[in-house]
Structure formats: structure tokens, C-alpha cells
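Student: Under this note's numbering, the first residue of the sequence shown carries the number 110, and numbering increases by one thereafter.
Heads up, the beta-carbon is just placed ideally off N, CA and C, and yes, glycines get one too.
No experiment lies behind these values; they were computed from the predicted model shown.
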Amino acid sequence: MLVRLFVRLVLLGVIIGIAAAILPGVRVHRGIIWLAWVALIFSVVNLVLGSLFRLLSLPLIALTMGLFLLVVNAALLAITAGLSDHLDVDNFGAAVLGGLLIATFGWMAEVLLPLRRTKSRNRIHRHSVDVS
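This is the structure:
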């Protein structure tokens with residue numbers, strides 16, 4: 110379980126680093142170690158505030174068919190930038206694009222490298238009874 114958590118954290122750090130490299134309004138300062146620190150802060154902010162923001166904005170999320178989640182992700186990225194000296198987000202547009210890239214790359218990583226345990230629906234029983 111800790112290994113999966115560590116891998117997910119490293120992967121999030123890589124994704125944030127890619128987003129910062131692509132977008133001119135998002136910057137990560139002082140190297141890879143601090144990128145991991147930013148990923149940890151973003152994870153905690155997403156865990157604590159992300160669920161609350163999604164719950165409070167559920168009517169807007171439903172009304173906009175999920176597009177309001179971009180605003181929620183932008184707010185989480187901006188809060189992370191406010192809590193860390195190693196992440197800078199210039200403006201709301203950069204935060205929206207950064208949140209979009211982080212969500213998109215995170216989804217792609219989850220599709221390519223599923224890190225969650227899935228329960229097998231077609232279990233083979235070792236002891237089968239033959240009634241012939």
C-alpha cells in the first residue's frame with residue numbers, strides 16, 4: 110500500500126512538472142525534491158479541500174455537465190501555489206490550464222498504469238463439483 114502511494118506521488122510530481130514545463134504561467138522552483146514536495150501538498154489539498162469543493166459545487170457541476178470541475182481544479186492548484194514557495198501560478202487562466210493538464214495527464218496515467226487494485230469478477234473456484 111505504501112509503495113502504491115509513493116508511486117502515485119512520484120507520478121503526480123512528474124505530471125505537475127510536465128504541466129509547469131508546458132505552461133508559461135505555472136512554474137516549479139528549485140528542482141526535483143521540491144517538485145515532490147509540491148505534489149505532496151497538492152495531494153493533501155485535493156484530499157482535504159477537493160472533496161468539500163466538489164460537494165459544495167455539485168449543482169454547478171451538474172448544470173455545466175462537469176465543466177465546473179475545471180474551476181475546482183484551478184482553485185486547488187492556486188491554493189497549492191499559495192501554500193508552497195516552490196510553485197507559482199501567475200493568473201486564473203494559468204491555473205485553469207494547469208488544472209486541466211494535471212487532470213488529463215493524471216487520467217492518462219491511470220489508464221496506462223492502473224495503480225488501484227481491482228476485484229476480479231470472474232473468479233475461478235478451485236473446488237468445483239462435477240455432477241455428471
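Measure the C-alpha to C-alpha separation of Ala148 and Pro168 and round it to an integer number of angstroms.
Tutor: Translated into the one-based positions of the sequence shown, residue 148 becomes position 39. Translated into the one-based positions of the sequence shown, residue 168 becomes position 59. Their Cα atoms are separated by approximately 29 Å.
Student: In whole angstroms, give me the CA-to-CA distance for Leu222 and Leu144.
Tutor: For the purposes of this step, residue 222 is taken as the residue at position 113 of the sequence shown. For the purposes of this step, residue 144 is taken as the residue at position 35 of the sequence shown. Going from the Cα of Leu222 to the Cα of Leu144 covers about 21 Å.
Student: What's the call for Ile127, buried or exposed, on a 16-neighbour Cβ count within 10 Å?
Tutor: Taking the sequence shown and counting its residues from 1, the one referred to as residue 127 is at position 18. It is exposed - the Cβ of Ile127 has fewer than 16 other Cβ atoms within 10 Å.
Student: Leu171: buried (16+ other C-beta within 10 angstroms of its C-beta) or exposed?
Tutor: Here residue 171 refers to the residue found at position 62 of the sequence shown. Residue identity differs from the one stated: residue 171 is Ala in this sequence, not Leu. Under this definition Ala171 is an exposed residue.
Student: If contacts are defined as beta-carbon pairs under 8 Å, then Ala199 and Gly140 qualify, I think. What distance do you get, rounded to the angstrom?
Tutor: Taking the sequence shown and counting its residues from 1, the one referred to as residue 199 is at position 90. Taking the sequence shown and counting its residues from 1, the one referred to as residue 140 is at position 31. The amino acid occupying residue 199 in the given sequence is Asp; Ala does not appear at that position. No, Asp199 and Gly140 are not in contact; Cβ-Cβ is about 21 Å, not under 8 Å.
Student: If we ignore side chains and look at the alpha-carbon of each, how far apart do Leu118 and Ser166 end up?
Tutor: Taking the sequence shown and counting its residues from 1, one reaches residue 118 at position 9. Taking the sequence shown and counting its residues from 1, one reaches residue 166 at position 57. Computed Cα separation, rounded: 26 Å.
Student: If the criterion is Cβ atoms closer than 8 Å, does the pair Ala218 and Ala204 meet it?
Tutor: Taking the sequence shown and counting its residues from 1, the one referred to as residue 218 is at position 109. Taking the sequence shown and counting its residues from 1, the one referred to as residue 204 is at position 95. Not closer than 8 Å, so no.
Student: In this structure, does DSSP put Arg163 in helix, strand or coil?
Tutor: Numbered from its first residue, the sequence shown carries residue 163 at position 54. Arg163 falls in the helix class under three-state DSSP.
Student: Just to confirm the assignment: which complete beta strand (DSSP E) runs, minimum length 3, are found wholly within the region 149-198?
Tutor: 196-198
Student: Can you check which of these residues, Leu164, Val220, Ala190, is closest to Ser152 by C-alpha distance?
Tutor: Along the sequence shown, read from residue 1 onward, the residue named residue 152 stands at position 43. A check of alpha carbon separations from Ser152 across Leu164, Val220, Ala190 identifies Ala190 as the nearest.
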